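In what follows, a structure is listed as structure tokens, so that the remarks can point back to it.
In the working numbering, the protein residues as written are 2 to 404.
And the structure:
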């Protein structure tokens, strides 16, 4: 790379001053910025020739890069012996004001890539245990957040989330709020089956159920539906008790989202019913598709999410709700030994940052006898029960009981 200064006869200009930066032949600019700490100009180049790129499959592609440091006053390209005077390379120890944490940080030069890194270690200052460590790029456009600052920020954010969550109502409280907000002629829910359409309307402090014709396939025909009153309820409980007399109502009925309705009034009733279904764990994966639709219809950030419940498909202990994985097992059960039908040990892992799933089969001595990264699922036996493992949507491994 070279820098050409501006002159009277050959004016040059870039966003950083009166000069022009010429990249090395076969290279192109990938990033330029002013380093926050030193105010040096940092120029990063990447190679154009794609044959020199390193394809690591699931771990992505590595493109060769190099970086230059430029003194904006002299326009000299600096080597380490020049730029080291801008920084402190000594090991620094910081104790937090409350005495809880100790941060050890050091800037180091990496001759293999002609660059600097920041090495950090954060310790519990009472027990001496390592909390976290990192190695990061030293040159940055913005101020670096060190591990101690990150720790306190995370603690503040957690406190804020807990405070906001605790202020939310539970389902019983949320139900009262929704009922009190109802206005005359508000429609609580539109729903339909294979033959009829229905709507529940709040009228004169009562709840009127009306029935219409078969649900039209064309959206322009929705408004033309005619409804006839078929029942009146004094409260939502009366309607709900009548509604759930239909066996597996969640499979028979569909929610119609084409009109504005106040379905959150039913959040308590729908969720409590579906919670019991999930606790019983008798539904099929196909049935859970409809169950999830109904749960999703009353999903809201306005009430405590822990009101929506799910249980481990192996030990039946409570777990976090994940509608996408209705029959998953808890972390404790997932950490148990998994075997194939022949008694071999099975281990599951992800394949890099781009995703992927690998099942490794080992014999009883721990010797690897097979690795499979082409299948999306792998059957396994845990506690004598048949499960299947797969890659979770956002990384990690999820194990569910097999039907």
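Cβ coordinates follow ideal geometry from the N, Cα and C atoms, glycine included.
Note that the structure is a prediction, hence the values are computed from the model and not measured.
Counting only runs that start and end inside the segment 236-280, there is no beta strand (DSSP E) element of at least 3 residues.
Collapsing the DSSP output to three states places residue 175 in a helix. Using a C-beta cut-off of 8 Å, the segment 298-315 makes contact with the segment 256-276, since at least three inter-stretch Cβ pairs fall below that distance. Classified as buried, residue 44 has 16 or more neighbouring CB atoms from the shown chains inside 10 Å of its CB. The straight-line gap separating the alpha-carbon atoms of residue 312 and residue 326 is approximately 11 Å.
Pairing residue 153 with residue 98, the inter-Cα distance amounts to about 11 Å. About 7 Å separates the CB atoms of residue 207 and residue 234; that is less than 8 Å, so the two are in contact. Cβ-Cβ distances below 6 Å link residue 350 to 359 in the same chain, with the five nearest sequence neighbours on each side left out; the list follows chain order.
If the five residues before and after residue 95 are omitted, its C-beta is found closer than 6 Å to the C-beta atoms of 104, all from its own chain and listed in chain order. Per DSSP, residue 213 is not a residue of any alpha helix (DSSP H); the beta strand (DSSP E) it occupies stretches across 207-213. Note: residue 131 is bridge-paired with 124 in the DSSP secondary-structure output. Straight-line spacing of the CA atoms in residue 32 and residue 348 works out to 41 Å. Excluding residues up to 5 positions away in sequence, 244 lie with their Cβ nearer than 8 Å to the Cβ of residue 250 in the same chain. Counting the other Cβ atoms within 10 Å of the Cβ of residue 284 gives 16 or more, which makes it buried. Shown here, residue 88 sits in coil according to DSSP, grouped into three states, outside any helix or strand.
Under the DSSP definition of a beta bridge, residue 362 partners with 347, 371. Taking 8 Å as the cut-off, the Cβ atoms of residue 23 and residue 3 count as close. Judged by DSSP in its simplified three-state form, residue 93 adopts strand. Beta-bridge annotation (DSSP): residue 77 is paired with 72. For the set 291, 317, 172, 340, the Cα lying nearest the Cα of residue 365 is the one of 340. Relative to the Cα of residue 122, the nearest Cα in the group 219, 92, 77, 227 belongs to 92.
Contact annotation: residue 17 and residue 144 have beta-carbon atoms that are not nearer than 8 Å. The alpha-carbon separation between residue 393 and residue 156 amounts to approximately 27 Å. A residue is called buried once 16 or more other Cβ atoms fall within 10 Å of its Cβ, and residue 262 is buried on that count.
Only exposed fits residue 395, as fewer than 16 other CB atoms lie within 10 angstroms of its CB.
Cβ-Cβ separation between residue 304 and residue 175: approximately 4 Å, consistent with a contact (criterion under 8 Å). Residue 239 is positioned such that its CB atom lies no closer than 8 Å to that of residue 209.
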